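Participant: The structure follows.
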Amino acid sequence: MLDVAEGNLRERAERVLAYHQQTKHRQDGYAAGPETLDWDAQPSPYRQFAGAPVTLLPLVSDGIDTPFAALTGQCPVAPAAPDIRSLGALLELSLGLAAIKEYGPDRWALRCNPSSGNLHPTEAYVVARGIGGIPDGVHHYRPAEHGLELRCSTILEKPGLWIALSSIFWREAWKYGERAFRYCQLDVGHALGAIAAACAVLGWQARVVPGIGADALERLLGLERERDFGRSEKEEAEVLIHIDTEPARGGRDDIPVPLCVGEPRWSGIANLLDPRPMYRWPVIESVAGASRGTIESLDLAGRVPASAAPVARAPQIILQRRSAQRYARDHVMPASVFSRILDSASGVLEQGELHLLAFVHNVEGLEQGLYALPAHTADEPRLRAAMDGSLVWEDVPEMALVPAFKRLAAGDFRKLVRALCCHQPIAADSCATFCMLAEFGDAIAVEPWRYRKLHWQAGLIGQRLYLEAEASGHAGTGIGCFLDDEIHRVLGLTGETFQAVYHFAMGRALTDERISSVPAYPGRFRLEARL
Ligand SMILES: Cc1cc2nc3c(=O)[nH]c(=O)nc-3n(C[C@H](O)[C@H](O)[C@H](O)COP(=O)(O)O)c2cc1C
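Just so you know, we're using this note's numbering here: the sequence shown kicks off at 24 and counts up by one.
Next up, the structure:
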């Protein structure tokens, strides 16, 4: 007989897997979503806590010369002193606004972290003690103003700095319906990658705090406080990250957890983002409940690549990163660029349970076709056994730097990939379009929370691909819209062991000249002094 805990676990795992099945886009119909959208009634992209005291953060990225190589651990960076300026830089370069776009009467902000549909369901909190210029306690980050609102004034047991992320599912579900939970989790992964990159710029290290449960994180951030949220959309606690501002000190395997020891004084009332929600998608609450759990360790840095990093200023690349909306179909990506991108991405891949497939359309010296990059060489036999038996799995001498990269089939797959990615031309006009294949295997049955983790890892890989593409004069686009089982069918995958969770196109961007761009935070003073 099953004991209760095991029964719960099995039921939760089944619920997660059923959600994944239910939210697949299929050839004969997309996952359930709204039938109409009233763009004027879009939920506010900004959470605010009215009445909470605000600390404006300085804009200091102009004065930071860290090279791009630092983002992949390829050049040492002296750690910045932790204070309001360096914390300002960390947030500006990870979750802050990067540009304001204008087209006719429309105006919208873009951020350093990408987000499906630019809807930005991810919120960030800063937990701090002893950071010069920042009151001790728990703050909510306001990207619109680049400021922190003090949600809870309290005393923490020890000095330190943490960032926590939460999701507001409705912001995403408003447009994407039931599939939105997946996008929120991919967005968390991108945000984790963005925070890790910004930390590297400052000579710091971001590390996920393992062992903390969703309830504990919710209480730390005050997300369970009914009186502060009222009718306003709830936030789901996702992950806590410790920011190590002296990573070279070494011998610090234990990752500190913030412990409130003072009397907490809460302030601020959450704003209502959507006064008239037109739809309800209860399956999102259901999968969220089923996949809530205790956070496991998750590597955010990845292996240091062996190839030379592109020469560029890291803050500039982070701020100018954009999702391409169109690609120059005839552009040929140099082999050295593609090799570097594979090398860098595999450094992230190696830390997780995801594999990359690449539909190569236009890369110098590489035959058009389908390729695979398993996370580890040892994974190849498993992947190979699961996929179509006629795939050839040949070595690719042109990409000798990444020996795990194999050619599976030659051919022009542009038309096919475009159809697989919801008929989006970006998937066909790119130089290469990647498919991220997650190993569900027993992972979710053992711990349903890992459904989130697999999406976070996909977002982390996506963030690395975005930055590498940008630094080499190319661009990327995350692709959340794809026909799940059609991809599995093309690859010969049956069963649920391997599931496509994300796609990514990469090539030379064509810019839409009708859209103009102005710098973020107009009118705000930018400090140019060095940190
Ligand atoms: C998880 C995720 C899924 C996305 N899916 C698509 C997609 O299917 N098609 C597309 O054109 N862009 C897609 N994007 C790109 C977003 O539309 C883009 O990030 C957003 O508009 C913000 O623009 P920016 O990346 O230039 O900051 C996706 C981005 C993310 C993070």
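C-beta atoms are modelled at their ideal positions from N, C-alpha and C, and glycine is treated no differently. Note that the coordinates shown come from a computational prediction; the quantities given were computed from them, not determined experimentally.
With a threshold of 16 other CB atoms inside 10 Å of the CB of Tyr-489, please say whether the residue is buried or exposed.
Facilitator: Residue environment: Tyr-489 is assigned as buried (16 or more neighbouring CB atoms within 10 Å of its CB, all protein chains considered).
Participant: Going straight from the alpha carbon of Lys-438 to that of Gln-50, what length do you get?
Facilitator: 15 Å
Participant: Only counting the same chain, and skipping five residues up and downstream in sequence, which positions put a Cβ closer than 6 Å to that of Arg-194?
Facilitator: Pro-66, Leu-142 and Pro-144
Participant: So, do the segment 339-351 and the segment 529-539 have three or more beta carbon pairs nearer to each other than 8 Å?
Facilitator: yes
Participant: Hey, Gly-225 and Ala-324: beta-carbon distance below 7 Å or not?
Facilitator: A quick correction: the sequence has Leu, not Gly, at residue 225. For Leu-225 and Ala-324, no; Cβs fall outside 7 Å.
Participant: Just to check my reading of the structure: Met-529 and Ala-461 have Cβ atoms closer than 8 Å, yes? What is that Cβ distance to the nearest angstrom?
Facilitator: Going by Cβ atoms, the distance from Met-529 to Ala-461 rounds to 20 Å, so no, they are not a contact pair.
Participant: Measuring alpha carbon to alpha carbon, tell me which residue in Cys-222, Ser-138 and Gly-291 is nearest Leu-116.
Facilitator: Cys-222
Participant: Can you list, in chain order, the residues of its chain with a C-beta nearer than 6 Å to that of Met-356? Leave out the 5 residues immediately preceding and following it.
Facilitator: Val-386 and Cys-454
Participant: Given a threshold of 16 other Cβ atoms within 10 Å of its Cβ, counted over all protein chains shown, does Tyr-42 qualify as buried or as exposed?
Facilitator: buried
Participant: By Cβ distance below 7 Å, which residues in the same chain neighbour Ile-479 in space, the five residues on each side in sequence not counted?
Facilitator: A small fix is needed here, since residue 479 is Trp in this sequence, not Ile. Gln-208, Val-211, Gly-212, Leu-215 and Leu-321.
Participant: Which residues share a DSSP beta bridge with Ser-540?
Facilitator: Lys-124
Participant: Taking C-beta to C-beta, are Pro-166 and Leu-120 nearer than 7 Å?
Facilitator: yes
Participant: With a threshold of 16 other CB atoms inside 10 Å of the CB of Met-459, please say whether the residue is buried or exposed.
Facilitator: buried
Participant: Under a Cβ-count criterion, where at least 16 other Cβ atoms within 10 Å of its own Cβ denotes burial, should Ile-538 be classed as buried or exposed?
Facilitator: exposed
Participant: Using three-state DSSP, classify Cys-283 as helix, strand or coil.
Facilitator: DSSP places Cys-283 in strand when its eight states are reduced to three.
Participant: Can you check DSSP and say which residues form a bridge with Tyr-394?
Facilitator: Ala-381 and Arg-430
Participant: Would you kindly check if the distance between the Cβ of Arg-547 and the Cβ of Leu-82 is under 7 Å?
Facilitator: yes
Participant: Please report the distance separating the alpha-carbon of Lys-181 from that of Gly-96.
Facilitator: Those two C-alpha atoms are separated by around 28 Å.
Participant: How would you write the range of the alpha helix (DSSP H) that Val-211 sits in, first residue to last?
Facilitator: 203-224
Participant: With a threshold of 16 other CB atoms inside 10 Å of the CB of Arg-487, please say whether the residue is buried or exposed.
Facilitator: buried
Participant: Would you kindly report the start and end of the unbroken beta strand (DSSP E) that includes Arg-134?
Facilitator: 129-134 is the extent of the beta strand (DSSP E) around Arg-134.
Participant: Please determine whether the Cβ atom of Tyr-350 lies at a distance below 6 Å from any heavy atom of ligand 1.
Facilitator: no
Participant: Rounded to the nearest angstrom, what separates Glu-146 and His-163 at their Cα positions?
Facilitator: 8 Å
Participant: Mapping DSSP to helix, strand and coil, what is Ala-331?
Facilitator: Secondary structure at Ala-331: coil, using DSSP grouped into helix, strand and coil.
Participant: Considering Trp-185, what are the terminal residues of the beta strand (DSSP E) in which it resides?
Facilitator: 183-190
Participant: Would the beta-carbon of Leu-184 fall within 7 Å of that of Ala-151?
Facilitator: yes
Participant: Could you tell me if the beta carbon of Pro-448 falls within a distance shorter than 6 Å of some heavy atom in ligand 1?
Facilitator: no
Participant: Return the Cβ separation of Asp-277 and Arg-230 in integer angstroms, given the expectation that the two are a contact with Cβ distance under 8 Å.
Facilitator: Contact flag wrong, Cβ pair sits at about 10 Å.
Participant: Give me whichever residues DSSP pairs with Val-161 in a beta bridge.
Facilitator: Val-150 and Cys-175
Participant: Suppose you measure from the CA of Arg-549 to the CA of Ala-187; what does that come to, to the nearest Å?
Facilitator: Whole-angstrom Cα-Cα distance: 26 Å.
Participant: Pick helix, strand or coil for Ala-104, following the three-state DSSP scheme.
Facilitator: coil
Participant: When you compare the CB positions of Ile-191 and Val-371, do they come within less than 7 Å of one another, or not?
Facilitator: no
Participant: With DSSP run on the structure shown, which of helix, strand or coil describes Asp-418?
Facilitator: strand
Participant: Quick one: give me the first and last residue of the beta strand (DSSP E) that His-511 is part of.
Facilitator: Taken as a continuous stretch (DSSP letters only), His-511 belongs to no beta strand (DSSP E), being part of the alpha helix (DSSP H) at 507-514.
Participant: For ligand 1, is there any heavy atom lying closer than 6 Å to the beta carbon of Thr-534?
Facilitator: no
Participant: Distance, Cα to Cα, Gly-515 vs Gly-316?
Facilitator: 33 Å
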